[in-house]
Structure formats: C-alpha cells, structure tokens
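Heads up, the first sequence is in the UniProt record's numbering, so the first residue is 1 and it goes up one at a time. Scroll down for the structure; my scribbles are underneath it.
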Amino acid sequence: MDDQTRMLGLGGLGDVGDPDAVRKQSLGQPQQDIGDILQQIMAITDESLDEAQARKHALNCHRMKPALFSVLCEIKEKTVLSIRGVQEEDPPDPQIMRLDNMLLAEGVSGPEKGGGSAAAAAAAAAAGGSPNDGSIEHSDYRAKLAQIRQIYHSELEKYEQACSEFTNHVMNLLREQSRTRPISPKEIERMVAIIHRKFSSIQMQLKQSTCEAVMILRSRFLDARRKRRNFNKQATEVLNEYFYSHLSNPYPSEEAKEELAKKCGITVSQVSNWFGNKRIRYKKNIGKFQEEANLYAVKTAVDAANVSAQASQANSPATPNSGGYPAPCYTPDGRL
DNA sequence: GCGTATGATTCATG
DNA sequence: CATGAATCATACGC
Numbered sequence: 001m002d003d004q005t006r007m008l009g010l011g012g013l014g015d016v017g018d019p020d021a022v023r024k025q026s027l028g029q030p031q032q033d034i035g036d037i038l039q040q041i042m043a044i045t046d047e048s049l050d051e052a053q054a055r056k057h058a059l060n061c062h063r064m065k066p067a068l069f070s071v072l073c074e075i076k077e078k079t080v081l082s083i084r085g086v087q088e089e090d091p092p093d094p095q096i097m098r099l100d101n102m103l104l105a106e107g108v109s110g111p112e113k114g115g116g117s118a119a120a121a122a123a124a125a126a127a128g129g130s131p132n133d134g135s136i137e138h139s140d141y142r143a144k145l146a147q148i149r150q151i152y153h154s155e156l157e158k159y160e161q162a163c164s165e166f167t168n169h170v171m172n173l174l175r176e177q178s179r180t181r182p183i184s185p186k187e188i189e190r191m192v193a194i195i196h197r198k199f200s201s202i203q204m205q206l207k208q209s210t211c212e213a214v215m216i217l218r219s220r221f222l223d224a225r226r227k228r229r230n231f232n233k234q235a236t237e238v239l240n241e242y243f244y245s246h247l248s249n250p251y252p253s254e255e256a257k258e259e260l261a262k263k264c265g266i267t268v269s270q271v272s273n274w275f276g277n278k279r280i281r282y283k284k285n286i287g288k289f290q291e292e293a294n295l296y297a298v299k300t301a302v303d304a305a306n307v308s309a310q311a312s313q314a315n316s317p318a319t320p321n322s323g324g325y326p327a328p329c330y331t332p333d334g335r336l
C-alpha cells in the first residue's frame, strides 16, 4: 500500500500546499479539478490493491498528470534537494590526496616501470650498503612492489567497473521510475554523485591498505640493511692493517677512508662504522685483541721489510706507537 | 641451539 | 658533524 503513495511521489508531500503554483501550472483549469485529483491520490492508500492499480492507471492517463508531475518535481527540488544541498560540498579530500601522492611517489600508481624502479633505486640508495647483495634485495623489493601494484590496479579496475555498473543501473532505474514518480534529472545527478562518493570512499580504503602494504614492504626492505653481511677477508685485513699500523691515532682522514673504502669494496660510512666499532671494542678489551694486534704488527713489519728490501734500503719502518691507544705487547716470536 | 663476532643504528656529547 | 657508547640483529663457528 505504502508503495503506491511512494510510487506517486507522495511520501513527503505533507507540505505540498502551494495552491498558487498548482494553479499556475494548471493553465486555467478549475482549482476544483486539482483538488479532486489530489483527493484521489491521497485516497489510494485506503483502497484495495486492485482498486489502487486501476486508480493509478486512471491517474496516469489523466491529462493533468504531466503538469502535476512537473510541479511535484519542482517542489521536491526545492525541499528535499535543498536539504541535501547543505552537505553537498566535497572539497578535494586531503586524505585521499595524500594517499594518491604517496602511491605515486612509491611508483604504485604512476607510469609502469619508471616510478617503480625510481622508488626502488631511491630505497637502494637509502640502504647505502653492500653492492653485492643489494641487487638481490633490489629485485626482491621490485618484485614485491610490482605484485602490490598489480593487485592495486586490478582492484581499482574492479571498483571502477562496479561503480559504473551500479551507477548505470541506478540511473536506468531512476529514469524508469521517473515515469511513475517525480524525479528530476538533477536528482538523478545527485544520486550519481552520492554513489560516486560512496565508491570513492571504498577506493580510499583500497588506497590506504595499499599504502600500508607498501610501507610494510619498505620497512622490511630497509630493515634488510640490518641484515649484516661480514666483509670479506681481504677487506677486514686491509682495515685491520690500517687500524693496527695507526694504533696511536686510529682515525683515518676522509681521504684515507675513501681509499680504504675503495680498497675494500665498501662505502665510506661502512669504513667509519668499522673504525668506530673497532676503536671502542679494542679499547674495551685490549687483551682480547693482543693476538690480532701482534699478527698485524708482524704483517706490516714484514711488508715494510719487503718494501725496504726491494728498495734495498735499510731504514727500519717506524712503528707508530705513542698515542692514546695502548700498544700491543709483542711476543717473542713476533720478533719486534 | 648457543655464545661470540660483527656490522649497523641510535643517542649523547662537545 | 664526528665520535663514543650502548644496543640491536644477524652471521658464524662450535
């Protein structure tokens, strides 16, 4: 029953009472006529289903119907839509803009390869670490990112498709219904906007979770920096040689660090790390490093001896030892 | 598995 | 900003 009234757009017509408008629309029809029609419409709810159907049909065929419809549309526009109009403004959501920017920056939503590799390269640069396993992590990261990217795009497409499908469906429905109840094109437009808003909020969730996934991936990738990989033997040898031969002042200059880095195939900051760790650990437990110290002292001495022998010069290498760091005690077989 | 070694990170300091 | 100190987290050798 209630359906009938709603079908005729009478749901919220308690305040229809604008006789002037109706009169103007009726183009000189007697007001009595309008009153009759309204009376009939209102009475439909009290009739049986069959009676109501018949009445509806009769009213639909009434010559006044188009005029009445347009009036009802107008009234609806003024009341319902104006109420809704208050909450109409939707400024470009800062949240979604942030998400969009981030997805773009991470290379998830941008152009195919460029963004992705750029982000990965940036991450790799941030990692600033060993170039050997860097490529492995790099490709791993890229693969994961591509996966996220693919899911994101397929989901997005799905949403978009669903949105347009649903919009079409609703629009068709409303258009169809507009034959039986007063629906203005503006209202349809508004409904479409509402649907789009709803879908974009779903999209935002997708974007948000994608962002989260990227962040997790990224943090895991950056954490990989901590995945310690020992320097190769030759590198530690070079570093130790320098350290023990400069035990009095084991603070390599920037140039020295660069050279050491180049020799060892590591970065300058890794050299700094190494020396930082070495100094503190050496100082903390000199005894433990005694053996090592002697070993390298011998080694450098031998090297120096070789060099001087090659140069056929007898000046013994100066063992630089006079600084804050305690000297190793040389064992007899060290022969020094 | 466990203890130690070791590279990296963090935080305070000057 | 370089360094020291503490700490984290993994690698490595047993």
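Glycine is no exception: its CB is placed at the ideal position from the N, C-alpha and C atoms. From a predicted model like this one, the values you see are computed outputs, not experimental measurements.
Alpha-carbon spacing of residue i relative to residue j, whole angstroms
i	j	result
GLN40	PRO66	16 Å
SER201	GLN161	15 Å
ARG149	ASN168	28 Å
LYS233	SER248	24 Å
GLN177	SER48	22 Å
LEU174	SER209	34 Å
LYS288	LEU99	53 Å
THR45	LEU59	14 Å
MET191	ARG228	57 Å
ASN172	ILE195	14 Å
ARG55	CYS61	10 Å
LEU156	SER272	47 Å
GLU74	ALA146	52 Å
ALA256	GLN290	25 Å
LEU206	LEU104	14 Å
GLU237	ASN285	20 Å
GLY110	GLU259	40 Å
GLN203	ARG179	34 Å
GLU254	ASP303	24 Å
VAL71	SER184	11 Å
ASN306	PHE275	27 Å
VAL170	ARG197	14 Å
PHE199	VAL268	51 Å
GLU187	GLN32	31 Å
TYR152	GLU189	29 Å
ARG181	ILE37	15 Å
TYR282	ASN294	13 Å
LYS78	LYS144	53 Å
MET64	CYS163	38 Å
HIS57	ALA43	14 Å
GLU165	ILE96	23 Å
LYS76	LYS158	35 Å
PRO94	LYS263	50 Å
ALA52	ASN101	57 Å
VAL298	ALA261	23 Å
SER154	PRO92	24 Å
Option in the options with minimal Cα separation from residue i
i	options	result
VAL214	ARG55, GLU106 and GLN53	GLU106
GLU212	VAL108, LYS76 and ILE44	VAL108
TYR242	ASN230, ALA193 and TYR296	TYR296
LEU68	PRO92, GLU51 and GLY35	GLY35
ASN277	PRO250, ALA301 and ILE37	PRO250
ALA235	GLN270, SER245, HIS246 and PRO252	GLN270
LEU239	HIS57, THR300, SER154 and GLN95	THR300
GLY265	ALA43, ASN230, CYS163 and MET64	ASN230
TYR244	GLU292, ILE280 and ALA261	GLU292
ARG279	HIS246, MET102 and ALA52	HIS246
Start-to-end residues for the alpha helix (DSSP H) that takes in residue i
i	result
ASN230	Neither: ASN230 is in no alpha helix (DSSP H) and is coded neither H nor E.
ARG281	268-284
ASP93	Segment: none, ASP93 is in no alpha helix (DSSP H) and carries neither H nor E.
GLU255	254-264
Residue i (DSSP reduced to helix, strand or coil)
i	result
CYS163	helix
ASN240	helix
PRO182	coil
LEU247	coil
HIS169	helix
HIS62	coil
SER109	coil
GLU47	coil
Cβ-heavy atom distance, residue i to the ligand COA, below 7 Å
i	result
LYS158	The ligand COA is not part of this structure, which contains no ligands at all.
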